[in-house]
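The block underneath contains the structure these notes are about, expressed in structure tokens.
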Amino acid sequence: MATVLDIQLALLARGYDLGRSGADGILGRMTIAAIRKFQADRKLHVKWPGTIGPITLAALGLSGEAAPEPGVSADEIVPPWVALARRKIGLHEKTNNKTLRDWLKSDGNTLGDPAKLPWCGDFIETVIAVTLPDEPLPGNPYWALNWKAFGRPIDIVGLGAIAPFVRPGGGHIGMIVGHDASYFHVLGGNQSNAITITKIAKNRLSGPLRWPATYPLPTEALPRRELDATISTNEA
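Under full-length UniProt numbering, the residue at position 5 of the sequence shown is numbered 5, and the numbers go up by one with no gaps.
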């Protein structure tokens with residue numbers, strides 16, 4: 001399976017601009033824009049411009065056969081917002097305050113100092129805004145439960161599904177990277193004051209899981225598997 005870096009190198013070889021970062025392995029705004037331009041230039045008939053499937057891979061010389069663009073398989077593609085979020089795991093609101101603050105405002109908006117404010121919504125807003133620049137965001141994305149209206153509902157546990165949770169006095173928002181019988185494995189911000197993967201009880205989910213409207217739906221659910229991680233009961 002071609003990686004983001006493979007795709008970027010193929011685009012650069014064909015003269016497409018990826019910005020100052022060049023081929024960095026991150027599916028960010030410039031790479032998405034280059035993919036869209038390539039698809040338009042080649043008159044590729046894809047349902048979701050800016051995303052990668054067999055038709056686009058074949059046109060880039062990265063696969064042997066063109067085929068209709070499918071949905072996203074949990075075993076094939078890591079959604080771009082998940083890939084970006086994984087790169088930020090470990091950033092702490094105090095220990096890495098400047099780095100975290102700079103990154104949270106990299107999309108052009110931010111709530112403020114993560115050491116002073118609940119920033120789970122800022123984290124999700126940043127990864128979505130940076131990797132899916134055309135995706136409509138909920139009103140006041142910094143309020144966790146506003147993400148209940150984000151995108152569209154999804155009825156399987158897909159990698160990267162956006163998950164709004166209730167907690168005493170408010171809510172929490174994160175993305176799903178796994179699950180077991182009782183817990184979702186949630187990659188999110190403001191979890192133990194940092195970007196971490198934690199376990200949150202499934203009965204805390206507020207409404208259905210959500211999925212971006214501008215990205216193809218996954219076709220496979222994540223399998224259940226155990227995770228040795230902290231169980232969170234209140235992310236305030």
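For glycine and all other residues, C-beta sits at the position ideal for the given N, C-alpha and C.
Cβ-Cβ distance between Arg210 and Gly121 below 7 Å: no
Residues near Arg204 in its chain [Cβ-Cβ closer than 6 Å; skip 5 each side]: Phe165 and Val166
Cβ neighbours of Ala34 in the same chain (closer than 7 Å, five flanking residues each side left out): Cβ-Cβ distances below 7 Å link Ala34 to Leu11, Tyr16, Asp17 and Leu18 in the same chain, with the five nearest sequence neighbours on each side left out; the list follows chain order.
Boundaries of the beta strand (DSSP E) in which Pro164 is found, first to last residue: Ile162 to Arg167
Beta strand (DSSP E) segment containing Trp211, residue limits: Leu209 to Trp211
Presumed contact (8 Å Cβ cut-off) between Ile197 and Leu187, rounded CB distance: 5 Å
Arg152 - DSSP class collapsed to helix/strand/coil: strand
Proximity test, Cβ basis, 7 Å: Asn146 and chain C: Note that chain C does not occur in the displayed structure, where there is just one protein chain.
Reference Leu84, options Ala229, Gly28 and Thr214, closest by Cα: Gly28
For Ala201, the three-state DSSP class (helix, strand or coil): strand
Between the CA atoms of Ala13 and Leu137 - distance to the nearest angstrom: 34 Å
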